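Trainee:
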Amino acid sequence: MDVKDFLRFIKRKFFINWYGLKNVHPKFLATRGLKNVSRDIHAGAYSYIGPGCIIYPKVSIGNYTMLANDVYIIGGDHNYKTAGIPSIFNGRDSNKKTVIGSDVWIGARSTIMTGVTIGDGVIIAAGSVVTKDLDSFGIYGGVPAKKIKERFSPNEREIHIEMLRKEIEEMNELSKRLLSGNDK
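Structure below.
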């Protein structure tokens, strides 16, 4: 491990401990500026949560996933269906589990409603509102988010799925080769 890798490791450990994130991979890319991220979050290797994000409990994030700044994973927990009682006095339902796959990219200021599942390889345009489950490898945008197009051709999709199945250590070696300019 060279000096840069060691310093990155120390920085990650510091922020993981600072925010009390006990269920994240040691290679989770923790940073400063998180507003309110539930301590029960599960996050995979090389996943990143940008500054200003608010994340409710029961959220699971796969490997290599990026949440840009000010992404909210919220809502769906207010009980409003009892007639004769104002919503503010109705209490709250339990939070639903939210699952975000691997290699997902969520654009800045997007809102993800709790209880949805976002498949692997999804890209969500900035400012989108996700209210329903999203299929893998689609590009989505809008309010509410709708599919814009497929991210890959069928052949490219298979190549990408194969890459996502590789072990983290194997990907560490690949990333070092790519970053050094020696991609062979």
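Take 161 as the starting number for the sequence shown in this note's numbering and just add one per residue.
Glycine included, C-beta positions come from ideal geometry on N, C-alpha and C.
In this text the structure is predicted, and so the values were computed from the model without any measurement.
Tell me whether residue 266 is buried or exposed, calling it buried when 16 or more other Cβ atoms sit within 10 Å of its Cβ.
Mentor: buried
Trainee: Inspect the beta-carbon positions of residue 219 and residue 271 and report whether they are closer than 9 angstroms.
Mentor: The answer is no: Cβ separation not under 9 angstroms.
Trainee: In whole angstroms, give me the CA-to-CA distance for residue 195 and residue 224.
Mentor: 21 angstroms
Trainee: How about residue 208 and residue 197: are their beta carbons less than 9 angstroms apart?
Mentor: no
Trainee: Just how far apart, CA to CA, sit residue 315 and residue 269?
Mentor: 32 angstroms
Trainee: Which runs of the beta strand (DSSP E), 3 residues or longer, sit entirely within the stretch 182 to 225?
Mentor: 219 to 221
Trainee: Quick one, are the C-beta atoms of residue 293 and residue 321 less than 9 angstroms apart?
Mentor: With a cutoff of 9 angstroms on beta-carbon distance, residue 293 and residue 321 are scored as not near each other.
Trainee: Under 9 angstroms between the Cβ atoms of residue 284 and residue 185?
Mentor: no
Trainee: Pull the bridge partners of residue 238 from the DSSP assignment, please.
Mentor: 252
Trainee: Which residue marks the beginning of the beta strand (DSSP E) containing residue 260, and which one marks its end?
Mentor: Residues 258 to 260.
Trainee: State the Cα-Cα distance for the pair residue 187 and residue 205, rounded to the nearest angstrom.
Mentor: So the two alpha carbons sit approximately 5 angstroms from each other.
Trainee: Mapping DSSP to helix, strand and coil, what is residue 319?
Mentor: helix
Trainee: How is residue 327 classed by DSSP in three states: helix, strand or coil?
Mentor: coil
Trainee: Could you check the C-alpha separation between residue 282 and residue 242 for me, to the nearest Å?
Mentor: 37 angstroms
Trainee: Going by the CB atoms, is the gap between residue 288 and residue 301 shorter than 9 angstroms?
Mentor: yes
Trainee: Across which residues does DSSP place residue 265 in a beta bridge pair?
Mentor: 226, 283
Trainee: Throw me the rounded Cβ distance for the residue 250 and residue 239 pair, which I believe falls under 8 angstroms.
Mentor: 4 angstroms
Trainee: Cα-Cα, which of 304, 247, 189 is closest to residue 226?
Mentor: 189
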